[in-house]
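Written below as structure tokens is the structure these notes are about.
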Amino acid sequence: MNIKSAVAHQLARELAAVEGTTVTDAVTRALRLALERHAHDAAVDRRRQKLETFMRQCGDVVAHDVGPSIWQAADDLFDEQGLPR
């Protein structure tokens with residue numbers, strides 16, 4: 007690999023100094039961590055999409071299965087003072 011960016015070289019040297027490793031090891035580790043982060047982010051996005059799909063499906067079921075609300079049920083079971091009818 008032949009990187010011609012002075013900024014990239016400087017950052018790699020700084021990272022190696024902070025980590026106490028060689029520039030090659032520091033760059034390898036940084037690249038590995040970046041790839042792991044992208045893989046993790048992609049997995050999180052897939053789980054989020056599955057959950058959103060599931061929630062929409064549940065919402066569709068609930069919207070079609072409309073029963074009495076909790077308040078309507080409570081009105082049928084309890085009087086104005088909250089005592090059982």
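For the sequence shown, our numbering gives the first residue as 7, with consecutive numbering after it.
For glycine and all other residues, C-beta sits at the position ideal for the given N, C-alpha and C.
Bear in mind the structure is a predicted one, so any value in this text is a computation, not a measurement.
Checklist entry - How close, in whole Å, do the beta carbons of Ala-14 and Ala-22 come, if the pair is a contact with beta carbons under 8 Å? => result For this step, residue 14 is matched to residue 8 along the sequence shown. For this step, residue 22 is matched to residue 16 along the sequence shown. Contact doesn't hold; Cβ gap of about 12 Å is too wide.
Checklist entry - CB Leu-83 to CB Pro-74, shorter than 8 Å? => result Taking the first residue of the sequence shown as position 1, residue 83 is located at position 77. Taking the first residue of the sequence shown as position 1, residue 74 is located at position 68. No, Cβ-Cβ distance for Leu-83 and Pro-74 is not below 8 Å.
Next on the checklist: Measuring only the C-alpha atoms, how far is Phe-60 from Gln-87?
Outcome noted: Along the sequence shown, one-based indexing puts residue 60 at 54. Along the sequence shown, one-based indexing puts residue 87 at 81. Spanning the two alpha carbons is a distance of roughly 40 Å.
Item to check | Beta-bridge partners of Pro-90, as assigned by DSSP | outcome: Here residue 90 refers to the residue found at position 84 of the sequence shown. Phe-84.
Checklist entry - What three-state label does DSSP hand Lys-10 in the structure shown? => result Along the sequence shown, read from residue 1 onward, the residue named residue 10 stands at position 4. Here Lys-10 sits in coil by DSSP.
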